[in-house]
Amino acid sequence: MSDTPKKPNKQMEASRRSVLMGGTALAASLFVPKFLRAADYPTAAVNTTGLAVTDDEVTIGILHSITGTMSISETGSVQAEKLAIEQINAQGGILGRKIKYIQEDGASDWPTFAEKAKKLLVNDKVASVMGCWTSASRKAVLPVFEQYNGFLYYPTFYEGLEQSPNVIYTGQEATQQIIAGLNWVAETKGAKSFYLLGSDYIWPRTSNKIARKHIEKLGLKVVGEEYYPLGHTQFNSVINKIRLKKPDVIYAIVVGGSNVAFYKQLKAAGIDMTKEKPLLLTISVTEDEIRGIGGENIVGAYACMKYFQSLDNPNNIAFVEEFKKMWGDEIVIGDVTQAAYLGPWLWKAAVEKAGSFDIDKVRAASPGIELTTAPEGYVKVHENHHLWSKTRVGHAKLDGQYEVVFETAELVEPDPFPKGYQ
Amino acid sequence: MFLNKNRFFSNTDLIGFALLALLIFVMLPVGLDVFRLNLFGKYLTYAFVAIGLVLCWGAGGILSLGQGVFFGLGGYCMAMFLKLEASSPEATKIQSTPGIPDFMDWNQIAEIPFWWQPFHSLTFSLVAVIIIPVIFAFIIGVAMFRRRVGGVYFAIITQAIAAILTILIIGQQGYTGGVNGITDLRTLKGWDIRTDDAKVILYFVNGGLLFACLFIAQIIRKSKLGRILIAMRDQEDRVRFSGYDVANFKIFVFCAGAAFAAVGGAMFTLQVGFMSPSFVGIVPSIEMVIFCAVGGRLSIIGAVYGALLVNLAKTTFSELFPELWLLGLGGLFIAVVLAFPNGLAGIYKDYVEPRIALIFKRKMHIDEDVSKYDPLEAAAD
Amino acid sequence: MFADYSMGELGAIFAMQGFAGLILFSVFVLMALGLAIIFGQMGVINMAHGEFMILGAYVTYLTSNLFSEYMPALFSMYFFLAMILAFIVAGALGMFVEWALIRHLYKRPLDTLLATWGLSLIMQQIYRSVFGAREVGVTIPEWMMGSLPLTDTIEIPINGIFVMVLATGISIAVYIMMFRSSWGKQVRAVTQNRVMAGAVGINTERTDRLTFGIGCGVAGVAGSAFTMIGSTGPTAGQLYIVDTFLVVVFGGAASLLGTIASAFSISQAQSIMEFFLSGSMAKVLTLLTVVGILMLRPQGLFALKLRK
Amino acid sequence: MNARPDFLLTVENLTVSFDGFKAVDGLSFYVEQNECRVIIGPNGAGKTTVLDLICGRTKATSGKVEFKNQELLKMREDQIVHAGVGRKFQTPTVYEDLTVFENLEISYPKGHGVFGALTFRRDDAVISRIDEIAATVFLEELLEEKAAYLSHGQKQWLEIGMLLIQDPELLMLDEPVAGMSVAERKKTAELLNRIIQDRSVIVIEHDMKFVEDIATRVTVLHQGKVLSEGSMAHVQADPKVIEVYLGH
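Chains as they are written, first to last, in the numbering used here: chain A, -8 to 413; chain B, 39 to 419; chain C, 6 to 313; chain D, 32 to 279.
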């Protein structure tokens, strides 16, 4: 596969009209699009499979961890999904029906996720589910969704290697997040050598594998690769190893509590990231994580993702304003939060395109769905259920926000099974 | 009076067993839909661990904070078999190397490692479910009990072992599936374990195995070995000077506990459809101890109720009051330790049994007279 | 792996790596001292030890907010006050917990393990309700976050030096308290023979409470110091618990000197292995070695041979 | 000094040190068949430690303990018991959660392996033996009572019963009458007199009246060494003994 973005294909162009209806959501206060009345879509016609759809309501599920260690990360996603649902309802809902949600707590426990997924699908007959955050929770619910033919919108950037007919992946798969960033750092910063570092689990390992292949393809060098157990808090040894290897770039995919320890110790060890010697590039620190790390400890680092809160476009400015209105001024919005926000909107667009809530029809309608009003800008759904989206590089500032220093010119094609990177 | 002739079951025990059987085999299956029944099936897999802990901890005084290790090993052995079956070349044709488990493919492992090979065989896998954890427990037991490590030290070392195993499983993701675990298990010898019918059948198999374990545990407890365990817990030196090699008994009961936990783990994998390191580590291991403590650390039947109750409370409370759940669970730990050291079984014995006794005063009186001479009568047959 | 480097560079790296080992050593000592007092002297297994540390961290967080709000001029010094407050708050809570919970369980050491685990869950939930589920960012005075260039190539992190000084200081303070003060004598008397100690007029209840409180207070100070190097969140305390217990047990529970020796050997082993192996494997190997040695020598490194 | 084979127990040069402190220091003594040896000595003389060393509870630093020409120092506690050495502790040590019957049953010399214990059956031989022993130690009425409910003296008897049921060739009793009422003491003396008839016994005791009643020979320990040895009259006359022990 190539890392240069591709133009949308013909087939997708054809479906643009239907999506514009969904996409105008954020401008709702300005003008209301063609109002879809429930009467035009009799329940018997739009719901042939016994989902929880009535004449004026449709029920969906929200499935994230409210308790346990993962609640830290998943709270933002829940907030974003609720905001999107509220906005959709304010516009009149979907096919004239208000969205009602049932929220379940996955409790950071994977069987609980599977249980609750099953409850949502079997007992509550929800029309779709916004949910999951970690790969482990997604892997746990996946068989449930496939068995009971549910439909999941999954928000997190993740390692790829998956393409389920019952999931729409609204975050980036690994190549989308990694390749453009590496190209950028090689071209504009002249980086020649990389030190790969990560927490020890599947996402950092898979991501670093792709990164290594790409670095080697570019004719550059990986001088070290290390993994530390989740929750590890002592990084002085690895910092010394980094000093010894003198890489141009530290490519860090450290997560959770380890993150805080790593950046604090890096700073205390005298590695000043603003000097960019070495430069630090991460794909795991969103604005959310910086709140725990402290802006002063990470200033000068670069992050590669598709969304930053500071993105300067009308969609995003409206989104950030609405988000803060609903959840308070203190809140920060990270990449995953934005991706979670896309879920309900993408589903709405797909349902309206299909003219039905039936899962099979929504699935068939999904590829080619476009959103022009996404906070991150224009996105669309690929045949492989991932999103075409831009990749951006942000530069961490003292106040905990990123300044966008680079974005790909075109949308990057999602490629969950990248040939040549496995 | 026939019942009294059985030296392994007193009347109260029999009533307890019968009530539990009624609950598990009649009331739950009749009263619950398949989804809820499957949930209870999952809770019951923890009961296996709790029964093992009653033997080790309640009777033997050995507190293991690493039962998750055995639960996990049993579960992983089962999962490896199921995963191999689910990874037929047809089912995995999109992989770069079809015919191997998906996570191996993602980690550039092109062929199934040698130690996975035997798990193609169901017989081997079923044997391994029990044997591997037992061998592991045996090694730990020999190393620790021969050197007379006990009490707190044993608890902390088993806890460290649970931590080590978790890090290892997560770190070796090419061979173990890493933090995601071994997922997407489908069939057992061609039989789809994900259908509703299969779940009901698995529930009953699980219940049957649970009763098998209960019977074994009861026999251990009521044999002289059970009394030696209690004697050992209270006066280890005296047992030694009565001519027993105390370490052997500890090793035995620790291995038995490991075997029970492993069966639970394997049934967990079958019913839930995957296995992951989050059931191996420190937190699940300590939770398993609380199941046992809530049920009553001296009562094997209590342990089953404990596992059911705590898990049910966990599901219900975490649905209704997610904020309060941890407070509730924490409070439960403290309450059980401070106020009800013998858990549900103790409450039953102290408050419920006397009332029942009042109602059936005369009948119980007769029974007591009989049981008083139980040993002699038992010997007479 | 060293072929491409000059001797000077290698020397500098090894010096810094040695220092990294010493920092890890100090971290372990700080983590373990409080527990060594509680577990070693009283035989109580305090599974909430990590939560007491995090309490210290949150106190530090609050103090830093207070200073930046009302006394920005003194901000660079707030850390010292924060540590004292952390000691007092964690110690006071510790004494309360001893009174409410622990004193009922002295005869059942394994039960204290369960009860304090329950306590740790409750404390985690309270932190979550009060401070939010997310980690809080504790702002550390700028002077503590830099590094000290010893030579052109050797740089020593100041927070590392701070942790080392603190670890030394607290070790000495604990030593003096245990072996030079009358309180220490009372603690040791109570440990060795509770009944007899009571009979000669030692208020054993008060001694227990104070001992537990001081152990928790030391944990609070450690937690306060760890805001410089780690995260402060509701569940961060659990990250420390396995390491902490292993250090104490490995040292031979009743011996403070043993705790320090074991912190030293474990930290050096881990630090050296981390340098030559990948992080996860280093951790696994360190833990395995410790468990292995404990199996061979269950009484730990420093244990008196006692006449039974 | 070669061990004479006709001694039941040979202790030679037995030494144990705890961090430099020698609790037992080069101790040697010999016990003959059917002898009742009483060990006396002031507190801290190492009396209990000697018993601990013989029965394997404490590991010796150096020396030799031979029982029927078997070296005991290399054996585990349970092996020593099976060799024929029984030990009663200073404080009564019984299984409080079990009944008197069960206490005795556990000590019954059968089914001592794990699987033996699992398949152990309470047959007639077991029951009649337990009844017999219970009668010997005055507990025949209390067989179904939990041991926790026994009086202090009854617990002492129960522990003695637990030893008797093993029928050891060498019985070691650590202060068997300590803490007993006068009546119990009398009964115990009677009991001991009966049970020492056909076996060798080592007793630690402070009560001189009692010692005179039962002792064949007396060994006086002082600071881990033998101070004097011989008949009761002999040691009572020994000036060294008078000085350290009996004199004050």
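In this text, a Cβ means the ideal position worked out from N, Cα and C, and glycines have one as well. Source: prediction; values computed, not measured.
With contacts defined as CB atoms closer than 8 Å, A/M121 and A/P335 qualify as a contacting pair. Taking the beta carbon of B/N286 as reference, the chain D residues within 8 Å of it are G144, V145, listed in sequence order.
According to DSSP, A/F397 shares a beta bridge with A/V384. A/T45 sits in coil when the DSSP states are folded into three classes, being neither helix nor strand. With contacts defined as CB atoms closer than 8 Å, C/T249 and C/M47 fail to qualify as a contacting pair. DSSP, read as helix, strand or coil, puts D/C86 in helix.
Taken in chain order, the complete alpha helix (DSSP H) segments of 4 or more residues contained in the region 222 to 299 of chain B are 234 to 260, 262 to 272, 274 to 278.
Per DSSP, the continuous alpha helix (DSSP H) segment holding D/H113 begins and ends at 108 to 114. Cβ neighbours of A/Y254 within its own chain (closer than 6 Å, five residues either side excluded): I284, N288, I289. Per DSSP, the continuous beta strand (DSSP E) segment holding D/M203 begins and ends at 201 to 205. Residue nearest to B/Q273 within the set D/T124, D/Q185, D/Q110 is D/T124 (criterion: CA-CA distance).
Here C/A95 is buried. Its C-beta has 16 or more other C-beta atoms within 10 Å. The Cβ atoms of C/F255 and C/I271 sit closer than 8 Å to each other.
Listed along chain B, no residue sits closer than 9 Å to A/N199 by beta-carbon distance, the nearest being about 12 Å off.
Sixteen is the threshold: since fewer than 16 other Cβ atoms of the shown chains lie within 10 Å of the Cβ of B/R186, the residue is exposed.
Segment contact: the region 366 to 385 of chain A against the region 400 to 408 of chain A, three or more CB-CB distances shorter than 8 Å; contact assigned.
The straight-line gap separating the alpha-carbon atoms of A/E267 and C/L90 is approximately 38 Å. Runs of the alpha helix (DSSP H) lying entirely within the region 116 to 196 of chain B and spanning at least 4 residues, in chain order: 140 to 144, 160 to 183. In this structure, C/G165 sits near C/F24, with a CB-CB distance shorter than 8 Å. The three-state secondary structure of B/Q210, taken from DSSP, is coil. In the structure shown, A/W379 falls within a strand segment according to DSSP collapsed to helix, strand and coil.
By the 16-neighbour rule on beta-carbons within 10 angstroms, B/P392 is exposed. Following the DSSP letters along the chain, one finds D/A54 inside the beta strand (DSSP E) bounded by residues 52 to 63.
Against A/V113, the close residues of chain B are F73, in the order they occur along the chain (beta-carbon pairs closer than 7 Å). Using a CB distance below 9 Å, the part of the region 136 to 156 of chain C facing chain A consists of G137, A138, R139, E140, V141, G142, V143, T144, I145, E147, M149, M150, G151, S152, L153, P154, ordered along the chain. Residues of the region 152 to 181 of chain C that bring their beta carbon within less than 8 Å of a beta carbon in chain A comprise S152, P154, E160, P162, I163, N164, G165, in sequence order.
Within its own chain, the residues whose Cβ lies closer than 8 Å to the Cβ of A/Y139, once the five positions on either side in sequence are excluded, are K109, L112, V113, listed in chain order.
Close to chain C, meaning a Cβ-Cβ distance shorter than 7 Å, are the following residues of the region 190 to 201 of chain B: V190, Y191, A193, I194, I195, Q197, A198, I199, A201. Taking a C-beta distance under 8 Å as the contact criterion, A/Y149 and A/W101 do not qualify as a contact pair. In the structure shown, C/C221 falls within a helical segment according to DSSP collapsed to helix, strand and coil. At a cut-off of 8 Å between beta-carbon atoms, A/P102 makes contact with chain B. Neighbours of B/N49 across chain A, judged by C-beta separation under 8 Å, do not exist; the nearest C-beta is about 38 Å away. Residues of chain B with a Cβ closer than 7 Å to the Cβ of A/L152 are, in chain order, W144. In this structure, the CA atom of B/S356 is about 10 Å from the CA atom of B/L350. Every beta strand (DSSP E) stretch that sits fully inside the region 191 to 263 of chain D and reaches 3 residues is listed by chain position as 201 to 205, 231 to 235, 248 to 253, 256 to 261.
Interface with chain B (8 Å Cβ-Cβ cutoff): A/Y218 is included.
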